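Residue numbering for the sequence shown follows our numbering, starting at 1 and increasing by one per position. Each residue gets a CB set at the ideal place from its N, CA and C atoms; glycine is no exception. Note that the structure is predicted; figures quoted are calculated from it, not measured. This report refers to the structure that appears directly beneath it.
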Amino acid sequence: MTIPSRSRSAERLVDILMELHLHGVVSRHALMHKFNITERTVYRDLNALSPIVEHTGGGQYRLIHAVQNSAGQGLHHTIANFLNADSFFPDRGTEFWQKLESRVDESYIQILNNDAEHSVENDIRRYLPSIEKSIKNRNVCKIVYKDKNRTVHPYKLINKKNIWYLQATENGRLKSFSLSQIKWLDIQNATFTPEEHALALLEKNLSPWVSEDTFEVKIFINNTISHYFRRRNLLPQQEILEDHAQGTTIRCMAAHENQILPLIFYWLPNIQVLEPAWLKQKMVKTLESYLTPET
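Following this line, the structure appears as structure tokens:
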């Protein structure tokens, strides 16, 4: 049966759009050879896509809404990078994108993350436009955070384990403010100059827990659970120092006691703080307060 010309044209348009999403650009001459069509037909196809496709010179065309980055990546790569997809699929070649729709429809691959906070929809609608504007324009902001008035210099928004944080400096110190705890935000006319040390810390540490003042922690992990820590980094800047029959000794770096203590409590009784002594004492006192009945 002969395929109607209109169907062939529609198939070509879909194919051209796929090429644009996969590679960012298409070549007029390459399309002629691929589909075995005349240059006039290519012009007609590209003209049909003119609301979303633009000519960039030299017979090259790209999606208008998918401005290319320096690596020549298309919109789908930009979204994948934004969502840190490399953590789940480090190899995202052409085959991956071609299979993506069927994988979603057939649901034989599923990625489960932590549930978002209940307030996330309201938080993002309420603060995202204002915070983005203040970060871009380097505006000083006033916020009410945990019932305290604060003046901050905003640098970045980060989502960690489905919790949104504003990373900003307060009195020159870099801190992370949970969006769900911000009760009021106002952008000031005053601007600030970004501090190099803050920019360097944010680039180095992709975590809400960022600080110039980190401390070293040494931990012993019983062999009944040590394989979890050898398999992936469960502690900040984790480094294995020694493996032996009884377990594993690990060194890590923390920016605050609250960054490390909840992790330690989670793995009790198969984990032990070796250093520093003050953190071990803090852990013991916290456990004693949990176990001591109120009078």
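Below 8 Å, enough C-beta pairs join the segment 41–56 and the segment 14–25 to call them touching: three or more.
Inside the segment 166–231, DSSP marks whole beta strand (DSSP E) runs of 3 or more residues at positions 173–178, 182–191 and 215–222, from first to last along the chain.
The C-alpha of aspartate 123 is placed about 9 Å away from the C-alpha of glutamine 181.
Taking C-beta separations shorter than 6 Å and ignoring five residues to either side along the sequence, the partners of isoleucine 135 in its chain run Pro154, following chain order. By the Cβ neighbour-count rule, valine 104 is exposed, with fewer than 16 other Cβ atoms within 10 Å of its own. The beta carbons of glutamate 117 and isoleucine 163 sit about 6 Å from each other, so the pair counts as a contact at 8 Å. For the pair isoleucine 143 and tryptophan 209, the CB atoms are not nearer than the 8 Å cut-off.
Straight-line spacing of the CA atoms in glutamine 237 and asparagine 114 works out to 21 Å. Exclusion of the five residues before and after glutamate 257 leaves Leu279 and Lys282 as the residues of its chain whose Cβ lies within less than 8 Å of its Cβ.
About 6 Å separates the Cβ atoms of isoleucine 250 and isoleucine 240, confirming a contact at the 8 Å cut-off. Under the rule that a run must span 3 or more residues, the beta strand (DSSP E) segments found entirely inside the segment 99–150 read 139–145. Annotated three-state conformation of leucine 20 is helix, per DSSP.
Burial state of histidine 77 is buried, judged by a 10 Å Cβ sphere holding 16 or more other Cβ atoms.
Taken in chain order, the whole alpha helix (DSSP H) runs of length 4 or more contained in the segment 241–272 are 257–267. Membership of leucine 83 in any alpha helix (DSSP H) is not indicated, and neither H nor E is assigned to it by DSSP.
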